[in-house]
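Heads up: the structure comes next, in structure tokens.
In the working numbering, the protein residues as written are 4 to 600.
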């Protein structure tokens with residue numbers, strides 16, 4: 004059924020697999036079996052596709068956007084592909100043993116949609132259109148240069164009738180006679196379609212007739228038809244397009260991988276047999292023959308299993324305490340600044356031992372018994388005496404444990420990059436507490452359309468940093484300055500550096516200046532009775548504690564000097580917004596603002 008326009012139907016579908024039988028808003032994916040790229044094959048697909056459905060050859064399950072092709076073939080026909088001899092990353096012909104398959108997908112299942120700017124002629128309206136579709140009827144493998152042809156079998160009855168009824172020496176049929184025969188042919192195809200007896204040739208004939216307007220296809224041909232089409236379109240437009248998430252599954256038999264020499268993708272050494280993680284075998288050895296078949300043994304190379312499922316089962320095995328230990332240690336690390344194991348990314352032989360192994364085991368065991376509840380774990384840690392410690396060091400304890408490995412005091416630590424930005428948002432009053440919604444482009448000095456990097460609002464509309472869009476090509480610069488890791492790999496322990504660029508950012512970054520200005524615009528109308536009263540309020544808002552008399556006096560003196568520089572009269576000090584902006588900016592630059600004891 005046509006989802007827009009004056010037509011009643013878009014086309015009739017021959018037998019096959021069609022992603023848009025019910026709606027082009029629904030997703031579809033077709034993947035071929037694996038084949039060896041060192042032995043090129045040619046195959047043709049009987050297909051139709053539109054709305055930026057894409058086909059590509061996927062090598063070793065790795066996305067290569069330059070191999071993707073958008074398919075714009077609204078009418079069913081043959082499309083030919085040749086698989087093999089793909090160029091390597093270095094540009095030469097890749098002769099390595101690869102896992103290669105051909106894939107045809109709709110928009111929502113395409114990992115590289117939208118593409119880079121300018122690729123495929125995509126415009127803004129098409130970018131946001133959720134519709135995409137394809138259909139496949141047949142796939143043939145054949146010799147190169149010999150694709151299947153349309154044999155025009157649907158027109159055979161015309162010529163068969165002519166050969167049986169017309170003498171060899173008679174005059175050929177007139178145009179009117181041919182038109183009559185064609186009308187009879189179409190009428191017979193329509194009847195077979197109505198009786199659900201039509202074949203693929205009938206469908207192709209009817210589609211061609213519809214395209215040539217030889218058959219009526221107006222949705223307003225009758226009130227009943229118009230009502231049905233309207234009902235379909237109303238329901239179809241309310242379909243929520245599919246959303247996907249990256250995952251993994253064992254679709255093919257396992258195989259031993261060869262080691263890339265010095266990390267090379269094209270030069271390989273000896274194959275490494277599949278096997279289990281020996282460290283996990285010590286805590287939860289295999290108990291069934293299926294798992295044992297992937298163990299480090301001569302049988303491993305004969306097994307059809309890849310080992311991934313067995314590894315996942317070991318990770319969540321109730322006998323395995325390592326998973327809970329690693330998780331609990333990371334939560335401790337996030338809260339206290341250091342983990343009970345100081346190498347949260349390495350619990351192996353090269354990592355550090357826990358400072359309190361009994362405590363780590365107790366927390367891990369309790370965490371599992373309480374249903375792996377992160378909320379309960381955090382509640383337990385935040386109500387502990389360890390969390391309630393101050394940063395005031397005991398001289399005797401510091402002499403015995405100068406690195407504070409035994410947790411005799413609360414560790415001084417710097418806020419993470421996102422927390423620094425969010426803290427300025429909250430203190431200034433610009434914070435927008437709304438939840439959910441699409442990511443927001445980070446602030447940039449200029450657009451880069453070729454990379455789909457666009458200038459976002461300076462303050463991100465007041466949203467938390469978690470809603471800031473992350474890209475590999477250009478992460479948010481302010482967050483990157485304060486050691487937000489690149490989003491390429493998981494990082495259990497962030498770097499904490501102290502470089503001049505961080506101080507310069509707190510002094511000169513447009514975001515910091517804008518938030519200081521926003522804060523000052525709020526405080527000049529807060530109804531304070533005196534500069535000292537307002538200074539105490541701002542100090543408490545920024546640091547969570549009242550200022551000492553000396554700190555309050557120094558902040559008031561700063562405001563007075565700033566007001567004088569801005570030419571404000573002494574009796575208008577409370578209304579001098581630029582002076583209070585300088586005070587807000589100074590509070591943002593206090594060490595205590597970005598460090599917590």
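Every residue gets a Cβ at the ideal spot worked out from N, C-alpha and C, and that includes glycine.
- request: Identify, in the order they occur along the chain, each residue of the same chain with its Cβ nearer than 7 Å to the Cβ of residue 451, setting aside the five sequence neighbours on each side.
  value: Against the chain shown, residue 451 aligns to sequence position 448. Counting only Cβ-Cβ distances below 7 Å, and skipping sequence neighbours, we find nothing.
message: For a test of the three-state rule: what should DSSP assign to residue 251, helix, strand or coil?
response: Stepping through the chain shown from its first residue, residue 251 is reached at position 248. Residue 251 falls in the coil class under three-state DSSP.
task: Give the straight-line distance between the Cα atoms of residue 154 and residue 271, rounded to the nearest whole angstrom.
output: In the chain shown, counting from the first residue as 1, residue 154 sits at position 151. In the chain shown, counting from the first residue as 1, residue 271 sits at position 268. Taking the straight line from one Cα to the other gives about 48 Å.
- prompt: By Cβ distance below 6 Å, which residues in the same chain neighbour residue 588 in space, the five residues on each side in sequence not counted?
  reply: By one-based count along the chain shown, residue 588 stands at place 585. Counting only Cβ-Cβ distances below 6 Å, and skipping sequence neighbours, we find 519.
- prompt: Which partner residues does residue 260 have in the DSSP bridge list?
  reply: Residue mapping note: residue 260 aligns to position 257 of the chain shown, counting from 1. DSSP, once it has assigned bridges, lists 275 as partnering residue 260.
field: For residue 143, the nearest candidate out of 47, 429, 117 (CA to CA)
entry: Numbered from its first residue, the chain shown carries residue 143 at position 140. Of the listed residues, the one whose Cα sits closest to residue 143 is 47.
task: Assign residue 440 to one of three DSSP states: helix, strand, or coil.
output: As a working mapping, residue 440 is identified with position 437 in the chain shown. In this structure, residue 440 counts as coil in the three-state DSSP scheme.
query: In terms of alpha-carbon separation, which member of 571, 331, 467 lies closest to residue 430?
result: Within the chain shown, residue 430 is the residue found at index 427, counting from 1. Residue 467 is the option with its Cα nearest to residue 430.
message: In the DSSP output, which residue or residues are listed as bridge partners for residue 58?
response: As a first step, residue 58 must be located in the chain shown, where it is residue number 55. Partner(s): 72, 107.
- request: Using the Cα positions of residue 161 and residue 34, report the straight-line distance between them to the nearest angstrom.
  value: As a working mapping, residue 161 is identified with position 158 in the chain shown. As a working mapping, residue 34 is identified with position 31 in the chain shown. Cα-Cα distance, rounded: 39 Å.
message: Tell me the rounded alpha-carbon separation between residue 314 and residue 197.
response: In the chain shown, the residue the question calls residue 314 occupies position 311. In the chain shown, the residue the question calls residue 197 occupies position 194. Roughly 55 Å separates the two Cα atoms.
task: Within 10 angstroms of the Cβ of residue 503, are there 16 or more other Cβ atoms? Answer buried if so, exposed if not.
output: As a first step, residue 503 is located in the chain shown; it is residue number 500 there, counting from the start. Residue 503 is classed as exposed because its beta carbon has fewer than 16 other beta carbons within 10 Å across all chains shown.
task: Please list, in chain order, all residues of the same chain as residue 396 whose beta carbon is under 6 Å from its beta carbon, the five residues on each side excluded.
output: Working through the chain shown from its first residue, we reach residue 396 at position 393. Taken in chain order, the residues that qualify are 412.
task: Report yes or no: do three or more beta-carbon pairs, one from the segment 464 to 481 and one from the segment 524 to 541, lie closer than 8 Å?
output: no
query: In terms of residue numbering, what span does the alpha helix (DSSP H) encompassing residue 336 cover?
result: By one-based count along the chain shown, residue 336 stands at place 333. For residue 336, the enclosing alpha helix (DSSP H) has its first and last residue at 325 to 339.
- prompt: How many angstroms separate the CA atom of residue 20 from the CA atom of residue 212?
  reply: Here residue 20 refers to the residue found at position 17 of the chain shown. Here residue 212 refers to the residue found at position 209 of the chain shown. C-alpha separation (whole angstroms): 23 Å.
message: Which residues does DSSP list as the beta-bridge partners of residue 52?
response: What you label residue 52 is simply residue 49 of the chain shown in a count that begins at 1. For residue 52, which the question treats as bridged, DSSP gives the partners 76, 137.
Span of the alpha helix (DSSP H), counted from its first residue to its last, around residue 518: The residue you call residue 518 lines up with position 515 of the chain shown. Unbroken alpha helix (DSSP H) run through residue 518: 513 to 526.
- request: State the DSSP-derived secondary structure class of residue 599, mapped to helix, strand or coil.
  value: For the purposes of this step, residue 599 is taken as the residue at position 596 of the chain shown. Strand, per DSSP.
task: For my contact list, residue 582 and residue 558 are in at a C-beta cut-off of 8 Å; report their separation, rounded to the angstrom.
output: Against the chain shown, residue 582 aligns to sequence position 579. Against the chain shown, residue 558 aligns to sequence position 555. Contact doesn't hold; Cβ gap of about 11 Å is too wide.
query: How is the beta strand (DSSP E) around residue 32 delimited, first residue to last?
result: Translated into the one-based positions of the chain shown, residue 32 becomes position 29. From DSSP, the beta strand (DSSP E) with residue 32 extends over 32 to 34.
- prompt: Which whole-angstrom value is the C-beta distance of residue 490 and residue 514, which I expect to be below 8 Å?
  reply: For the purposes of this step, residue 490 is identified with residue 487 of the chain shown, where counting begins at 1. For the purposes of this step, residue 514 is identified with residue 511 of the chain shown, where counting begins at 1. With a Cβ gap of about 20 Å, residue 490 and residue 514 do not count as contacting.
field: Pick from 507, 391, 4, 516 that is closest to residue 230, judged by C-alpha positions
entry: The residue labelled residue 230 in the question sits at position 227 within the chain shown. Out of 507, 391, 4, 516, 4 has the C-alpha closest to the C-alpha of residue 230.
- request: In angstroms with no decimal places, state the Cα-to-Cα distance between residue 496 and residue 348.
  value: Here residue 496 refers to the residue found at position 493 when the chain shown is read from its first residue. Here residue 348 refers to the residue found at position 345 when the chain shown is read from its first residue. Spanning the two alpha carbons is a distance of roughly 7 Å.
- prompt: Where does residue 305 land, buried or exposed, given buried means 16+ other C-beta within 10 angstroms?
  reply: If you number the chain shown from 1, residue 305 lands on position 302. Annotation note: pLDDT 46 at residue 305 (below 50); position unreliable, coordinate value reported separately. Exposed, by the Cβ-count rule.
query: Taking the continuous alpha helix (DSSP H) assigned at residue 194, which residues delimit it?
result: What you label residue 194 is simply residue 191 of the chain shown in a count that begins at 1. Unbroken alpha helix (DSSP H) run through residue 194: 178 to 197.
Neighbourhood of residue 571 by C-beta distance below 7 Å, restricted to the same chain and skipping five residues each side: By 1-based counting over the chain shown, the position of residue 571 is 568. Cβ neighbours of residue 571 beyond the five flanking positions: 579, 582.
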